[in-house]
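**Student:**
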Amino acid sequence: MTCHTLKTLSDHDLIKLRDIYEKHLPYATHVYNLISTYMKWKKLKDGGNYMKFLSLSDDWSTTGTFIMQFSCYDIFVFTLQKNGADLYKALTDTRILNVDGRVVLYGILNDHYPTVLKSLIYKNITKFHTIEMMLYYLPKEKALSITVVCPDNVYVDKLCQLHIPTITAIWPHRFDGAERYLSIFLEMNGGYGVFLKEDDKLVAWVMRNHWGTMINLQTLPEYKRMGFGHLIVSVMAKHIAEDGQSPMATIVMGNFASEMLFQKLGFRHLNSLKFVTLE
């Protein structure tokens, strides 16, 4: 079988692709935000192209089918085509899945997982594990109305690169290279932390990924159940909304404490996802 080459979508193509997905909100909010984030990153750091958008052909203009590579770490796929034929062809007729080392098929919508799994089987990829997650969503109009109440003993400030080792140390999904991975998100999207006033100790934090989605919400074990998670999510949700996007968050299936936290702030379950790690 002939192995085809994926075409890199131009910035002009991506504007058209974003316009396509704007018509499918809130279902595809994370896709719309992803492309918007890419455009923002290009302005922030000329030449710092961590993301590459790919398509097998010009069919993306009708089916919205594309693949995005994030540095050497993640592959994200999406399509509006019900049968997933174009996505399957893009995954099997090219070398995109011929990876060397650890790569995550990032946030694969449950609608698309059968096509992705079929592609892995076709490529004879058998060493992978899957994490079930949920995508929560809050319309930006509601996020803008969130009232942030900060306890007297702490303050909220932006994270910096010096905090990355602390953040990575208790991240349950850490891997070799995780510090570099998280540092890219911090560099390009920022993050917020809760700090003790008495000694400036970082006790809770949240970051924002290439989807513009909240990730890595963590509180040091000895400071849990003090409301710091609620505080930092409130701050980040307002920040994302002020940036023109609707806040979202990914939550591991079964993490009921996180679900309750986001639900109290008005977030609702939008979609279910799978993160598939290829080793």
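Note that UniProt numbering numbers the sequence shown so that position 236 is 236, with each residue one more than the last. Where a beta carbon is used, it is the ideal one built from N, C-alpha and C, also for glycine. Since we're looking at a predicted model, the values are computed, not measured.
So which of VAL31, SER234, ASN271, PHE53 has the shortest CA-CA distance to LEU144?
**Tutor:** Locating residue 144 in the sequence shown gives position 144, where the first residue counts as 1. The residue with the shortest Cα to Cα distance from LEU144 is SER234.
**Student:** List the whole-angstrom C-beta distance separating GLY212 from THR37, where the pair is believed to meet the contact cut-off of C-beta under 8 Å.
**Tutor:** Within the sequence shown, the letter at position 212 stands for residue 212. Within the sequence shown, the letter at position 37 stands for residue 37. About 5 Å separates the two Cβ atoms, so the contact holds.
**Student:** Which one or two residues does DSSP pair with TYR181 in a beta bridge?
**Tutor:** Within the sequence shown, numbered from 1, the residue matching residue 181 stands at position 181. Answer is none; TYR181 lacks a bridge partner.
**Student:** For TYR88, which residues from the same chain have a beta carbon less than 7 Å from its beta carbon, with the 5 sequence-adjacent residues on both sides left out?
**Tutor:** Position 88 of the sequence shown, counted from the first residue, corresponds to residue 88. Correct list, in chain order: THR115, LYS118, SER119.
**Student:** Sorted by chain position, which residues of the same chain lie with C-beta nearer than 8 Å to THR166's C-beta, five sequence neighbours on each side aside?
**Tutor:** For the purposes of this step, residue 166 is taken as residue 166 along the sequence shown, with counting starting at 1. These residues qualify, in order along the chain: LEU202.
**Student:** In the structure shown, what three-state DSSP assignment does ALA28 receive?
**Tutor:** Locating residue 28 in the sequence shown gives position 28, counting from the first residue. Three-state result, ALA28: coil.
**Student:** Is the number of C-beta pairs between the region 220-233 and the region 42-62 that are closer than 8 Å three or more?
**Tutor:** As far as the Cβ criterion goes, the region 220-233 does not touch the region 42-62, which means the pair count is below three.
**Student:** With 16 as the cutoff for other CB atoms within 10 Å, does LEU162 come out buried or exposed?
**Tutor:** Stepping through the sequence shown from its first residue, residue 162 is reached at position 162. So LEU162 ends up on the exposed side.
**Student:** Do you know how far the Cα of PHE275 is from the Cα of LEU105?
**Tutor:** In the sequence shown, counting from the first residue as 1, residue 105 sits at position 105. In the sequence shown, counting from the first residue as 1, residue 275 sits at position 275. Approximately 6 Å, taken between the alpha carbons.
**Student:** Which class does THR5 belong to by DSSP, given the choice of helix, strand or coil?
**Tutor:** The sequence position of residue 5 within the sequence shown is 5, counting from 1. Three-state DSSP puts THR5 in coil, outside helix and strand.
**Student:** Give me the Cα-Cα distance between PRO139 and ARG95, rounded to the nearest whole angstrom.
**Tutor:** Walking along the sequence shown from the start, residue 139 turns up at place 139. Walking along the sequence shown from the start, residue 95 turns up at place 95. In a straight line, the C-alpha of PRO139 is about 38 Å away from that of ARG95.
**Student:** Let me make sure I understand the geometry here. Which of LEU217, LYS197, GLU198, HIS210 has the alpha-carbon closest to that of ALA204?
**Tutor:** In the sequence shown, residue 204 corresponds to position 204, counting from 1. Comparing Cα positions, the closest option is LEU217.
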